[in-house]
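Peer 1: The structure that follows is given in the form of structure tokens.
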Amino acid sequence: MSPQHYLVLAGILFSIGVTGVLIRRNALIVFMSIELMLNAVNLTLVTFSHFMRSPDGQVLVFFSIVVAAAEVAVGLALIVALFRLSGTTNLDDFNLLKW
Amino acid sequence: MIDYLWLIPLLPAIGFLINGLLGWKLGHKAVSWIGPSVVGLAFVVASLVFVDLLRLEPEARHITVPIYEWIRSGDFSVTISFLLDPLSMVMVLVVTGVGFLIHVYSVGYMHGDRGYARYFAFLNLFTFSMLLLVLADNYLLMFVGWEGVGLCSYLLIGFWYEDHYNAYAGRKAFVVNRIGDYGFSLGMLLLFAVYGTLKYDAIFSQAAHGVGTWALGAVTLLLFVGATGKSAQIPLYVWLPDAMAGPTPVSALIHAATMVTAGVYMVVRSHVLYLLAPDTMLVVASIGVFTAIFAASIALVNNDIKRVLAYSTISQLGYMFVGAGVGAFAAGIFHLMTHAFFKALLFLGAGSVMHALSGETDMRKMGGLKDKLPVTYWTFLMATLAISGVPLFSGFFSKDEILWQAFISPHGNFWIWLIGVIAAGFTAFYMFRLVYLTFHGKSRVPPELAHHVHESPPVMTIPLSILAVLAVVGGYVGAPKVLGGGQQFEHFLEPVFSRNAEELISHLPHHSASLELTVMLISVIVAFTGIGVAYLFYMKRPDLPVALASRFRAVYTLLLNKYYVDEIYNALVVQPIFHLSNSFLWKVFDVKLVDGMVNGVARVVENTAQRLRRTQTGLVQNYALGFLIGVVLIVGYYLVK
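Same order as they appear, the protein sequences are chains F and E.
Heads up: the first sequence begins at 153 in the working numbering, then just goes up one per residue.
Heads up: the second sequence begins at -2 in the working numbering, then just goes up one per residue.
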């Protein structure tokens, strides 16, 4: 057995997440992409934990999941507030800091 | 008392501060006391110092009093320290003595003027600067005083600045002076480059031992350029006639007795250098005598009382330079002293006349004043007799000594003597012309001024009288042996010149007394001829000068217009510089280059900013892209490493 398959999968998932963050216009989709990136990282951690026969990786996954959860809560609150203010979730419309 | 030498310049400096800063508050009366008394006290201190100096042996009369180390840079050091020797002693006494009398006179003359406190502040500042100049023991400190008196000259000429012409005259004086100062500075720099110091003693002893003599021709010439500016010789004399725009006591003090003599003092102080550069000495004497006759010729026909005296001053300063140029340094200083007495008196007297005539200076509108202004007339006459070289008056002894030295000294020559004698004739003529036109004959005073004519108050006439006494007897300290005098003045100054220049001073071959008396007689005859012709022209046959003027119209117009020198300078120097500044230096260099560079820098910054600001899109995803690129670069860097 080798970890390559798992790591490559995690890498692909991460890349898809990054691309989503950079390209998608809907704020919710961007958040989902961020979650995808986090999950890719979790997969990598678990993979290494298994192949190095050490529980350290899985402990870190716990931390990661907690952070993800908190972040989602706050993030969704922000999006709801933004939507209530402007009526749109299109990220291209939020350019008040443009020169 | 010599240890308290520094009190002499300090007192007028304090007067300047009090009058300048608090004068407006303290009021007329306080300023009238403070202004003159600081100078009077300085004179008292100077006299006590003089007494102390006389107690010393002649060779010991060379004392340096250090005050403060001003500049220190590695080995280079400039100190504020004063040199007391017979030469500086004479100058100090003249400056404080005559200065005091003029300060007192000014109390009367400037009475009621709006700028009364300002006037005395400037006059005190001038006295301080002049004392600094003559007491300095090094060229840099002398230059500080030199510039200071130039500044005060500017301030006082343009004292009544609301009149545009006065401001112009002040500016002209300062600018022309500055041109001379340029030469002076170059001379100083060269001295420093050659000798490594600017102290008189160090330079003179090195020079006397042969160090750096190659440079002395240039040094002396450059220093003399400075002297022509400050002492109004050809070619930089043009500011002095216009300087008459200032209050008359200013003309008396600055432009007759003291400031303009600074150039003469400087040359005499540097006698060691000049004696080692005989070519420059010839230049000095030649320019001196040529200026003497040139200025005297202009004074022959001028109708403004102050202008005649101004040209007379330029002419007499020429004599002093002749003295210095032929090696008769003591004689030059002797004439400086007697000239201070009688010229100050002449100017103050003219001021008294102007005071009586509500400011009129045109002699064609004067006449018949001698009975109405008796003290003014008699003191003025004493001064006129002195300047004309009439025997037994002070000017006779000093001017004669210079002419005699010009005749026999190896540095002098027959032509310098001859031109000097002719100029002396002119002097006697134009001075008595002035006296006859102003005080004698029928009054030509316009009726509206005539009933105001009154003698000046004692605060003005007493200084006149004191100066008159000095103008008469002041020459006896220098009376030559051939007439039975003791030549005390020359002996007093002798140690100054024998200190470093013993071998250089030409010891005159033994000449016969009859030769000296003959030369003296010629001068006397010429003087009386001048007086006689003036009497003929302005008392007996007033039609003669009018006839001469129309017969020789071209010459007369040339003289009346002062040889058009101002117009020539304006066309050749002033206008070209003005146009150069206007069309090139301003419109091209300043606007296009300097402003262009500054604006250019601003423009570059602006353009760069314009381009950089485009990264601020306001879109979060663009910033996230930036993140990504950065991370990739960093990780990539470590991977490749």
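Yeah, the Cβ is synthetic: ideal placement off N, Cα and C, and Gly gets one too.
Looking at E/Gly392 and E/Phe436, is the spacing between their C-beta atoms short of 7 Å?
Peer 2: No, the pair does not count as a contact, with Cβ atoms beyond the cut-off.
Peer 1: Is any beta-carbon of chain E found at less than 7 Å from that of F/Leu174?
Peer 2: Yes, its Cβ sits closer than 7 Å to a Cβ of chain E.
Peer 1: Mapping the DSSP letters down to three states, classify E/Val75 as helix, strand or coil.
Peer 2: Of the three classes helix, strand and coil, the one that applies to E/Val75 here is strand, per DSSP.
Peer 1: For E/Gly145, count neighbouring C-beta atoms within 10 Å of its own C-beta (all shown protein chains included) and say buried if the count is 16 or more, exposed if not.
Peer 2: Flag for E/Gly145 reads buried.
Peer 1: Tell me whether E/Glu357 sits in a helix, a strand or coil according to DSSP, three-state version.
Peer 2: In the structure shown, E/Glu357 sits in coil (DSSP, three-state: anything other than H, G, I, E or B).
Peer 1: For the stretch 420 to 434 of chain E against the stretch 287 to 298 of chain E, are there 3 or more C-beta pairs whose distance is under 8 Å?
Peer 2: Contact holds: three or more Cβ-Cβ distances are below 8 Å.
Peer 1: Would E/Asn174 and E/Gly214 qualify as a contact pair, given that the criterion is a beta-carbon distance under 7 Å?
Peer 2: Cβ atoms of E/Asn174 and E/Gly214: not closer than 7 Å.
Peer 1: If we count the other Cβ atoms within 10 Å of its Cβ and call it buried at 16 or more, is E/Gly597 buried or exposed?
Peer 2: Classification for E/Gly597: exposed.
Peer 1: Please classify E/Lys340: does DSSP put it in a helix, a strand, or coil?
Peer 2: E/Lys340 falls in the helix class under three-state DSSP.
Peer 1: Between which two residues does the alpha helix (DSSP H) holding E/Thr310 run?
Peer 2: Note, E/Thr310: alpha helix (DSSP H), 302 to 322.
Peer 1: Hey, is E/Gln618's beta-carbon within less than 7 Å of any beta-carbon in chain F?
Peer 2: At least one chain F Cβ lies under 7 Å of E/Gln618.
Peer 1: When burial is assigned at 16 or more other CB atoms within 10 Å of the CB, is F/Arg177 buried or exposed?
Peer 2: By the neighbour-count rule (16 or more Cβ atoms within 10 Å), F/Arg177 is not buried but exposed.
Peer 1: Excluding the 5 residues preceding and the 5 following E/Ile11 in the sequence, name in chain order all residues of the same chain whose CB lies nearer than 7 Å to its CB.
Peer 2: The residues are Val35.
Peer 1: Pick helix, strand or coil for E/Val62, following the three-state DSSP scheme.
Peer 2: Looking at E/Val62 - three-state DSSP - the assignment turns out to be strand.
Peer 1: Are the CB atoms of E/Leu342 and E/Ala380 nearer to each other than 7 Å?
Peer 2: Yes. Within cutoff.
Peer 1: From the DSSP output, read off the bridge partner residues of E/Ser70.
Peer 2: Per DSSP, E/Phe73.
Peer 1: With which residues is E/Leu81 paired in a DSSP beta bridge?
Peer 2: DSSP output for E/Leu81 lists E/Ile60 as bridge partner(s).
Peer 1: Could you tell me the distance, in whole angstroms, from the CA atom of E/Val570 to the CA atom of E/Asn163?
Peer 2: The straight-line gap from Cα to Cα measures roughly 21 Å.
Peer 1: Any contact of the stretch 152 to 160 of chain E with the stretch 246 to 260 of chain E, i.e. 3+ C-beta pairs under 8 Å?
Peer 2: Touching, yes, given that three or more Cβ pairs across the two stretches are closer than 8 Å.
Peer 1: Alpha carbon to alpha carbon, how far is E/His488 from E/Asn410? Give it in angstroms, no decimals.
Peer 2: If I take the Cα positions, the gap works out to 25 Å.
Peer 1: Quick one: which chain F residues come within Cβ less than 9 Å of E/Gly615?
Peer 2: Correct list: Phe246, Asn247, Leu248, Leu249, Lys250, Trp251.
Peer 1: In whole angstroms, what separates the C-alpha of E/Leu4 from that of E/Gly529?
Peer 2: Near 49 Å, if we compare the C-alpha coordinates of E/Gly529 and E/Leu4.
Peer 1: Under 8 Å between beta-carbons, which chain F residues line up against E/Ala621? List them in chain order, please.
Peer 2: Under the 8 Å cutoff, chain F gives Val173, Leu174.
Peer 1: At the 7 Å Cβ level, is E/Arg610 part of the contact set with chain F, yes or no?
Peer 2: Interface residue, yes.
Peer 1: Could you run through the stretch 167 to 200 of chain F and flag, in chain order, every residue whose CB is less than 7 Å away from some CB of chain E?
Peer 2: Listed by position along the chain: Val170, Val173, Leu174.
Peer 1: Per DSSP, F/Asn242 is paired with what?
Peer 2: BP columns for F/Asn242 point to F/Asn178.
Peer 1: Report the three-state DSSP secondary structure of E/Asn135 (helix, strand or coil).
Peer 2: Reduced to three states, the DSSP call for E/Asn135 is strand.
Peer 1: Roughly how many whole angstroms lie between the Cα atoms of E/Arg610 and E/Leu582?
Peer 2: Approximately 39 Å between the Cα atoms of the pair.
Peer 1: If distances are taken between C-alpha atoms only, which option among E/Leu137, E/Ala224, E/Pro455 comes closest to E/Ile200?
Peer 2: Considering only alpha carbons, the answer is E/Leu137.
Peer 1: Strictly below 8 Å CB to CB, what residues from chain F border E/Leu625?
Peer 2: Correct list: Val170, Leu174.
Peer 1: Please work out which residues of its chain come closer than 6 Å, Cβ to Cβ, to F/Gly172, disregarding the five sequence neighbours upstream and downstream, and give them in chain order.
Peer 2: Cβ neighbours of F/Gly172 beyond the five flanking positions: Ser185.
Peer 1: Nearest-angstrom Cα distance between E/Glu564 and E/Leu480?
Peer 2: Cα to Cα, the separation comes out at about 47 Å.
Peer 1: State the DSSP-derived secondary structure class of E/Leu478, mapped to helix, strand or coil.
Peer 2: As written in the sequence, residue 478 of chain E is Lys, which differs from the Leu given in the question. E/Lys478 falls in the helix class under three-state DSSP.
Peer 1: Kindly give me the distance between the Cβ atoms of E/Ile176 and E/Ile231, rounded to whole angstroms, as I take these residues to be in contact under 8 Å.
Peer 2: 13 Å between Cβ atoms; not a contact.
Peer 1: May I have the straight-line CA-CA distance separating E/Gly324 from E/Leu279, to the nearest angstrom?
Peer 2: Computed Cα separation, rounded: 10 Å.
Peer 1: Between E/Ser312 and E/Ala524, is the Cβ-Cβ spacing less than 7 Å?
Peer 2: Contact: no.
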